[in-house]
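Going left to right, the sequence shown walks through residues 2 to 522 as our numbering numbers them.
Don't be surprised by glycine CBs; every beta carbon is placed ideally from N, CA and C.
Let me begin by presenting the structure, written as structure tokens, before commenting on it.
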Amino acid sequence: MSFVLSKGADELTERFFALSTPRDVASLLEIDYARLVYHLYKVPPHEKYVTFQVPKRSGGSRTISAPATALKIIQQKVNQVLQCVYEPKASVHGFVRRRSILTNASKHVRRSYVLNLDLKDFFPSINFGRVRGMFMAVPYGLHADAATILAQICCFNNELPQGAPSSPIISNMICARMDSQLRRLAQKWRCYYTRYADDMTFSTAMPSFPASLATVDPLGQVHCGRELADTIIANGFSINPNKVRLRTRYRRQEVTGLTVNEKPNVDRRYVRRVRAMLHDWATHGFEAAQNHFLQDCDVKHRDPQRDPPSFGSVVKGRIEFLGMVRGRDDVIYRRLLRELKALAPDLVTAPIDELDVLLEMYRDLAASEDRQRSGYLLEELLNRTLTFFRIQAKPSFKRNQGAEQIDGGFVLGDWRYIVECRWRDPASARDVDGLAKQVSRSGKQTMGLFLSIKGWSDNVPHILQQNREKDVLLMDGADLLCVLEGHIDLGTLVQAKADHLSFHAEPFCPAAQCLTEQGAS
Numbered sequence: 002m003s004f005v006l007s008k009g010a011d012e013l014t015e016r017f018f019a020l021s022t023p024r025d026v027a028s029l030l031e032i033d034y035a036r037l038v039y040h041l042y043k044v045p046p047h048e049k050y051v052t053f054q055v056p057k058r059s060g061g062s063r064t065i066s067a068p069a070t071a072l073k074i075i076q077q078k079v080n081q082v083l084q085c086v087y088e089p090k091a092s093v094h095g096f097v098r099r100r101s102i103l104t105n106a107s108k109h110v111r112r113s114y115v116l117n118l119d120l121k122d123f124f125p126s127i128n129f130g131r132v133r134g135m136f137m138a139v140p141y142g143l144h145a146d147a148a149t150i151l152a153q154i155c156c157f158n159n160e161l162p163q164g165a166p167s168s169p170i171i172s173n174m175i176c177a178r179m180d181s182q183l184r185r186l187a188q189k190w191r192c193y194y195t196r197y198a199d200d201m202t203f204s205t206a207m208p209s210f211p212a213s214l215a216t217v218d219p220l221g222q223v224h225c226g227r228e229l230a231d232t233i234i235a236n237g238f239s240i241n242p243n244k245v246r247l248r249t250r251y252r253r254q255e256v257t258g259l260t261v262n263e264k265p266n267v268d269r270r271y272v273r274r275v276r277a278m279l280h281d282w283a284t285h286g287f288e289a290a291q292n293h294f295l296q297d298c299d300v301k302h303r304d305p306q307r308d309p310p311s312f313g314s315v316v317k318g319r320i321e322f323l324g325m326v327r328g329r330d331d332v333i334y335r336r337l338l339r340e341l342k343a344l345a346p347d348l349v350t351a352p353i354d355e356l357d358v359l360l361e362m363y364r365d366l367a368a369s370e371d372r373q374r375s376g377y378l379l380e381e382l383l384n385r386t387l388t389f390f391r392i393q394a395k396p397s398f399k400r401n402q403g404a405e406q407i408d409g410g411f412v413l414g415d416w417r418y419i420v421e422c423r424w425r426d427p428a429s430a431r432d433v434d435g436l437a438k439q440v441s442r443s444g445k446q447t448m449g450l451f452l453s454i455k456g457w458s459d460n461v462p463h464i465l466q467q468n469r470e471k472d473v474l475l476m477d478g479a480d481l482l483c484v485l486e487g488h489i490d491l492g493t494l495v496q497a498k499a500d501h502l503s504f505h506a507e508p509f510c511p512a513a514q515c516l517t518e519q520g521a522s
């Protein structure tokens with residue numbers, strides 16, 4: 002049996018609306034009618050599904066009924082057809098292509114009030130009769146015989162099974178009328194409404210929240226408003242009274258697990274957990290970290306027929322989720338991904354970003370014995386590093402003829418920095434003194450930055466400490482490596498070095514110490 006249908010979306014849509022008999026349904030799903038009958042009516046119920054429990058985060062458990070392989074393929078084909086037929090409402094973000102918990106949360110950012118509520122027993126409350134009636138009603142209008150066999154394919158024990166490939170989209174189709182009514186109700190009270198599966202959210206920028214949607218009693222208990230409750234009940238659903246929450250902008254507002262007070266974001270505890278997993282891996286090894294995860298952290302009860310997840314895949318998935326929410330250019334995301342790449346290069350094979358390319362350039366520079374090529378390579382590396390961190394180079398770096406030094410400058414905040422670099426030998430007192438003189442001739446709001454890949458002679462820091470102006474910073478190869486490995490932003494590092502010079506009169510502060518002083522671990 003093929004896993005996917007061969008017809009295009011337009012033809013599937015046309016054939017769906019023309020369904021009349023069970024044989025038409027079998028033909029649409031590209032399966033022999035006798036075989037469809039066998040899987041629906043001859044296979045014993047206990048062989049059709051594997052049922053197991055998954056604990057809910059809020060307590061209790063959720064029943065998952067996963068179909069057997071043959072029935073699962075048939076339901077996947079039904080899902081493929083319904084994806085062509087169903088037109089999702091703008092307020093629906095669950096189980097819809099190009100929508101997610103992120104698009105759902107984005108609709109409720111920076112609101113005065115956010116109301117969250119859950120529908121009780123969402124999938125079990127959608128029974129066989131509701132599914133059959135939905136296929137027969139507007140806008141689908143299928144013949145009763147075709148609607149009946151479609152409902153039989155998609156239901157189990159007189160309910161929509163959570164775990165079947167066809168259940169998510171059918172739940173959205175069932176909720177279509179309710180979504181329209183709730184959207185109009187939200188507009189009436191100048192609110193915004195979205196739904197992700199059984200998770201419903203209303204938010205407003207108004208100074209007070211409408212009592213028709215929710216009220217708060219003297220004890221602080223939140224109750225669903227009468228007009229909202231009546232609409233939900235009239236559509237065959239009920240509200241979970243323990244999951245009604247109203248938050249003001251002065252408390253942490255969440256929508257489908259993401260905070261929305263300022264922008265969609267993950268909870269801080271999420272990042273801490275990922276860091277802890279990486280630390281456990283780096284400290285105790287992969288096998289020990291995986292055992293710790295399976296024993297202590299992985300509390301989900303999964304399909305007993307499946308092997309437990311790979312710890313490496315779990316870590317990567319959580320990091321990629323962070324990148325989806327915070328953006329692929331987020332510093333924390335890139336830092337965690339870089340740590341994962343160091344532990345398991347096979348999991349992160351492509352360059353993470355331009356910084357990854359620059360790091361390879363630095364390693365090439367460190368290994369090079371070609372003086373002329375290394376000079377040009379360092380020039381390109383510095384220019385591209387400044388560009389990556391959005392620092393204005395002024396002017397572009399230029400290599401001095403016949404020398405290892407590279408002169409240039411950049412603007413950071415209100416200050417102009419004059420830069421000199423040495424890649425081959427440690428910098429001497431004479432080199433650094435030359436930069437100090439250039440800075441002194443350049444007027445106010447100017448500082449010097451001497452980048453010496455291999456450090457400097459012992460007397461250089463002492464000489465600079467005697468400099469009354471305190472306007473020259475030192476940076477070595479370890480500092481640059483720290484930047485290129487993603488541990489600290491270049492601008493943040495330079496500013497931290499400047500602050501350290503101002504407070505402690507020390508021209509050199511290692512990047513690791515800057516990280517500590519800036520709290521940018």
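In the DSSP assignment, find the unbroken alpha helix (DSSP H) run with residue i in it and report its ends.
i: Ser375; result: Arg372 to Phe389
i: Asn173; result: Ser168 to Ile175
i: Gln153; result: Ala145 to Cys155
i: Gln496; result: Leu491 to His505
i: Pro56; result: Element bounds for Pro56: not the alpha helix (DSSP H) but the beta strand (DSSP E), Tyr50 to Pro56.
i: Lys23; result: The sequence given here places Pro at residue 23; Lys does not occur at that position. Its alpha helix (DSSP H) spans residues Pro23 to Leu29.
i: Val484; result: Gly478 to Leu485
i: Ser107; result: Ile102 to Ser107
i: Ile333; result: Val332 to Leu344
Excluding the 5 residues preceding and the 5 following residue i in the sequence, name in chain order all residues of the same chain whose CB lies nearer than 6 Å to its CB.
i: Lys39; result: In the sequence under discussion, the amino acid at residue 39 is Tyr, which differs from the Lys named in the question. No residues qualify anywhere along the chain.
i: Ala165; result: Pro68 and Gln76
i: Leu29; result: Arg16
i: Asn159; result: Asn128 and Phe129
i: Gln291; result: Phe312
i: Lys1; result: Nothing about residue 1 can be reported from this structure: the residues present for the chain run from 2 to 522 only.
Under 8 Å, do residue i and residue j count as touching if we go by C-beta distance?
i: His109; j: Val256; result: yes
i: Pro265; j: Ala145; result: no
i: Phe123; j: Ala198; result: yes
i: Tyr114; j: Thr14; result: no
i: Ser66; j: Tyr87; result: no
i: Leu387; j: Tyr363; result: no
i: Trp457; j: Val440; result: no
i: Asp218; j: Arg196; result: no
i: Ala148; j: Arg131; result: no
i: Ser213; j: Arg227; result: yes
i: Val326; j: Leu103; result: yes
i: Arg391; j: Arg425; result: no
i: Glu31; j: Ser7; result: yes
i: Phe136; j: Leu151; result: yes
i: Val272; j: Leu323; result: yes
i: Ala430; j: Gly449; result: no
i: Tyr193; j: Leu183; result: no
Cutting at 8 Å between CB atoms, please list the residues of its own chain near residue i, excluding the five before and the five after it.
i: Gly410; result: Ala394, Lys395, Pro396, Arg417, Tyr418, Ile419 and Val420
i: Val5; result: Gln77, Lys78 and Gln81
i: Ser172; result: Phe96, Phe123, Phe124, Ile127, Leu161 and Ala198
i: Gln496; result: Leu413 and Gly414
By Cβ distance below 7 Å, which residues in the same chain neighbour residue i in space, the five residues on each side in sequence not counted?
i: Leu118; result: Met201, Cys225, Ile240, Lys244 and Val245
i: His302; result: Reliability fails at His302, whose pLDDT of 48 lies under 50, so the model's placement of it is uncertain and the value that follows must be treated cautiously. Result list for His302: Phe53, Gln54, Val55 and Pro56, in chain order.
i: Lys317; result: Leu341 and Leu348
i: Arg253; result: Thr260 and Asn262
i: Gln402; result: Because the pLDDT of Gln402 is 48, which lies under 50, any placement of that residue in the model is unreliable, and the question is left without a value.
i: Glu12; result: none
i: Lys73; result: Pro166
i: Pro346; result: none
Ends of the beta strand (DSSP E) at residue i?
i: Thr202; result: Asp200 to Thr205
i: Cys225; result: Val223 to Cys225
i: Tyr114; result: Tyr114 to Asp119
i: Val217; result: Ala215 to Val217
i: Ile524; result: Since the displayed the chain opens at 2 and closes at 522, residue 524 lies outside it and no answer follows.
i: Ile74; result: Ile74 -> not in any beta strand (DSSP E); alpha helix (DSSP H) instead, spanning Thr70 to Val86.
Please determine whether the Cβ atom of residue i lies at a distance below 7 Å from any heavy atom of the ligand ATP.
i: Leu214; result: Ligands in the displayed structure: none, and consequently the ligand ATP is not present.
*Ignoring anything shorter than 4 residues or poking outside the segment 399-468, list the alpha helix (DSSP H) runs there in chain order.*
Entirely contained in the segment 399-468, the alpha helix (DSSP H) runs reaching 4 residues are, in chain order, 430-441 and 460-466.
*the segment 509-519 contacting the segment 475-494, beta-carbon criterion three pairs below 8 Å*: The segment 509-519 makes contact with the segment 475-494, as at least three CB pairs between them are under 8 Å.
*Three or more C-beta pairs closer than 8 Å, one from the segment 276-290 and one from the segment 132-144: is that the case here?*
no
*Mind the definition here: the segment 496-516 touches the segment 351-365 only if three or more C-beta pairs lie below 8 Å; say whether that holds.*
no
*Would you be able to state if there are at least three C-beta pairs under 8 Å between the segment 88-101 and the segment 16-30?*
No: fewer than three Cβ pairs fall under 8 Å.
*How about the segment 493-506 and the segment 375-385: do they share at least three Cβ pairs that are nearer than 8 Å?*
Contact annotation: the segment 493-506 does not touch the segment 375-385, with fewer than three C-beta pairs closer than 8 Å.
*Does the segment 454-468 touch the segment 326-336, meaning 3 or more C-beta pairs lie closer than 8 Å?*
no
*Quick one: which unbroken alpha helix (DSSP H) runs of 4-plus residues sit fully inside the segment 236-285? Chain order, please.*
269-285
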